[in-house]
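Following: one structure in structure tokens, then a few remarks.
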Amino acid sequence: MSSRIAYRLAMAAITLAGVAVIVFILLRVVPGDPIAMMISPGASPADIAALRAHYGLDASIPVQFAVWARDLLRGDFGVSISLHRNVLELLAERLPATLELAVAALIVAVCLGGAVAVIATLLDDSPVAPVIDAINGLFLAVPDFIWAFALVLLFGVFAPILPLSGRIDPALDARFATPFYLTESLVTLHLSTFLDVARHMAMPTLALGLPLAAIITRVLKESLREAMVQDYVLLARLKGMSKLRLVLQEALRNAVAPTLALTGVQFTFLIGGTVIVERIFGYPGVGNMAIDAVINRDLPLIQGLTLVFGALFILVNMLVDLLVVAANPRLRHG
Amino acid sequence: MAEATAGAAPVLLSRRPSHTLRACLREPKVVAGGCFILFLLVLALGASWIAPKDPLEQDILLGATPPFWLPGAEPGHWLGTDDLGRDALSRVIYGSRVALTVAFVAASLAAALGATLGLVAGWYRGAIDATISRLVEIWMAFPPVLLSILLVAVVGAGVGSVIAAIAIIDWTRFCRVVRAETINQASADYVTAARAMGFSQGRILLREIFPNVLPVLIALVSLEMGIAVIVEAILSFVGLSVSSDTPTWGGMIAQGRQLLHQGWWILAAPLAMLFLTVLAFNLLGEGLRRALDPVMRR
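In order, the protein sequences belong to chains A and B. Taken in order, the first sequence gives residues 15 to 348; the numbers are from my numbering. Taken in order, the second sequence gives residues 306 to 603; the numbers are from my numbering.
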């Protein structure tokens, strides 16, 4: 087990280094000058050269990479060119918003997808079963981008009950000790603040969570159907256990492993999806910032952001691997 | 999910085309999805005859008029107009051109790149496989939307960049599935027989294994087309696709989001079109996968 974890950590380090190298090279071999975007029209060539030297952009690419990697290992991510602030500070400020959004979407997806799978299994031989299948099939085809705008039309125009953008009502004079607004307001029982943050998060959360819910429903329902014809379930049924208890107590426990592995992989895609969904809803997370960083050619910020996304991807994958092993005794001694 | 189809027996796709076609047409999803894509193709090719108006023609006096079933609608503008008085229906019809171009070209390129690497990795194994597989893993650690925006931002906006970005990002989907399928096929008896007959490696790979990987690949290409349409819309939305005087669904969606208070239909029309197109490509891909895969057909 421990050698397995060590191997995974080594592989993760290689992947992350690969991400860093590729982004670094990509940003420097292609045309487009970050300095050109920040100078005023009247700047002299000497000013430009000075600015270039200030950001270390006058050195050769390998030297630039060496400097960046050395600073990175010391925990120094550099300074954002467009926002003139420490990249690590910016990340620390914005990442919690994205994490809260992604985790909220995951919780919605697991609860909704799980509930629909259980209900569909209970109604397996009723006439509504094909209807549930058809609706789920539709949900499987619709990506977060389309959901986001469908929700905007639904809850922003036809039944305007949810705010269209932002993370919190600016008129609400709320003070936070941490950047985890939703969690903090819940823990400290500031319920009106919690409600406001939750309302702002509702649409982006649903846009990200609904496609994942559909995937969970499909896979879990398939596993449940297989589990329902196993001997131990039949035995429990012969003992007179109700179908609801059969599904919840017997089948679900054994059907959950494949869903767990798939949910983990899909969660990494969901994290990627936050980029565009945050943009659509003006949600102040790292994804929204990433799009601005790219448009402004803010090299240090883009590099920091891609590393964060890469690290999240790897972390989630490793956690899922561990969870799957923990959930399956046969793999524990593999 | 596509990996689940691994283990399929050879389908003999190239040897009995009429049989394969009939199997596909028996699948209602293929028919439904295919019909809509054909309809869209006709719209795109015949846009200049079909569209009732010039998609760029402005009429400030007719700004943001609603679609025909709402009061205040302007005759001739069936789906209403945007803030500049441009006809929404005509713009949606013209928008299908960019969407379909990107869908077909980008998905084909991604498939060609990914399938080649997947075949090579799955057939030769060893160090080549290890290198390609690691590359795939590194690639997948990037959020695709961020990577596509990054690529297009550095190369410069335009349809060509969008297509290149999609191919460069999404080859991994094909690579993983084709690699798994190739490994699977390589252990089949017919490959052993081909080896025993002294066929060259290249011949076995291209003439024996590739045709048997093709069914999985075709279904995947259709699904990828749906993804490509979305990515193009996302890039248009961010303002990194074609120039603003070419109508695109993503560009119209971005505009509609800004003009939500003036009229929801400016957003709804391109969104509906995008939804139907993605749904059609998904149905087609799902249906093809069922029709072409004997294991799933059972």
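Quick reminder that beta carbons are idealized off the backbone N, C-alpha and C, glycines included.
| query | result |
| --- | --- |
| For Leu226/A and Gly287/A, the rounded distance between their alpha carbons | 11 Å |
| Amino acids of chain A, ordered along the chain, whose beta-carbon sits closer than 9 Å to that of Val482/B | Here the premise fails: no neighbours, minimum Cβ distance about 14 Å. |
| Assumed close pair Ala131/A, Lys235/A - CB separation to whole angstroms, cut-off 8 Å | 4 Å |
| Cross-chain neighbours of Ile36/A in chain C, by beta carbon under 9 Å | Any reference to chain C falls outside this structure, whose protein chains are A and B. |
| Chain B contact residues for Arg108/A, given Cβ-Cβ distances below 7 Å | Here the premise fails: no neighbours, minimum Cβ distance about 14 Å. |
| Contact with chain B by Phe163/A, beta-carbon distance below 8 Å | yes |
| Nearest-angstrom beta carbon gap, Ser453/B and Gly468/B [assumed within contact, 8 Å] | Per the sequence shown, residue 468/B should be read as Ile rather than Gly. Their Cβ separation, rounded to whole angstroms, is 11 Å, which puts Ile468/B and Ser453/B out of contact at 8 Å. |
| Chain A contact residues for Ala458/B, given Cβ-Cβ distances below 7 Å | Val308, Ile309 |
| Val450/B at chain A interface by Cβ criterion, 8 Å | yes |
| Test item: CB-CB of Leu115/A and Met215/A under 8 Å | yes |
| Proximity winner among Leu260/A, Gly151/A, Gly223/A, relative to Ala162/A (alpha-carbon distances) | Gly223/A |
| Close Cβ partners of Ser96/A (< 6 Å) along its chain, the five nearest in sequence each way excluded | Asn310, Asp312 |
| 7 Å Cβ shell around Tyr21/A - same chain, five flanking residues per side excluded | none |
| Within-8 Å CB hit, Gly170/A to chain B | yes |
| CB contact check: Val410/B to chain A, cutoff 8 Å | no |
| Stretch-stretch touch, CB-based, cutoff 8 Å, three pairs: the segment 420–428 of chain B with the segment 354–368 of chain B | no |
| Short CB-CB distance (under 8 Å) between Ala462/B and chain A | no |
| Close-in-space but distant-in-sequence residues of the same chain around Val233/A (CB under 7 Å, 5 per side omitted) | Pro272, Thr273, Leu276 |
| Any chain A beta carbon closer than 8 Å to Asp598/B | no |
| Counterpart residues of Val93/A in DSSP-defined beta bridges | Asn100/A |
| The segment 238–256 of chain A / the segment 133–141 of chain A touching (three or more Cβ pairs under 8 Å) | yes |
| Cβ separation of Leu120/A and Leu284/A, assumed to be a contact under 8 Å, to the nearest whole Å | 7 Å |
| Continuous alpha helix (DSSP H) assignments of at least 4 residues falling wholly in the segment 344–393 of chain B | 352–355 |
| Residue burial classification, Val536/B (beta-carbon count within 10 angstroms, cutoff 16) | buried |
| First and last residue of the uninterrupted alpha helix (DSSP H) at Phe323/A | 313–341 |
| Rounded distance between the beta-carbons of Ile160/A and Leu528/B, thought under 8 Å | Not really, about 15 Å apart at Cβ, beyond 8 Å. |
| Own chain residues within Cβ distance below 7 Å of Gln490/B, not counting five before or after | Val496, Ile514, Asn517, Val518 |
| Endpoints, alpha helix (DSSP H) assigned at Met557/B | 554–563 |
| Contacting positions in the segment 316–338 of chain A - beta carbon closer than 8 Å to chain B | Ile316, Leu319, Thr320, Phe323, Gly324, Phe327, Ile328 |
| Local conformation of Glu236/A per DSSP, three classes | helix |
| Residue environment, Ala173/A, which counts as buried when at least 16 other CB atoms sit within 10 Å | exposed |
| Under 7 Å by beta carbon: chain B residues contacting Phe159/A | Ile535, Ala538, Ile539 |
| Cβ neighbour criterion (16 or more within 10 Å) applied to Arg402/B | buried |
| Ile471/B at chain A interface by Cβ criterion, 8 Å | no |
| Residue range of the unbroken alpha helix (DSSP H) whose run includes Arg1/A | Nothing can be reported for residue 1/A, as the shown portion of chain A is limited to 15 through 348. |
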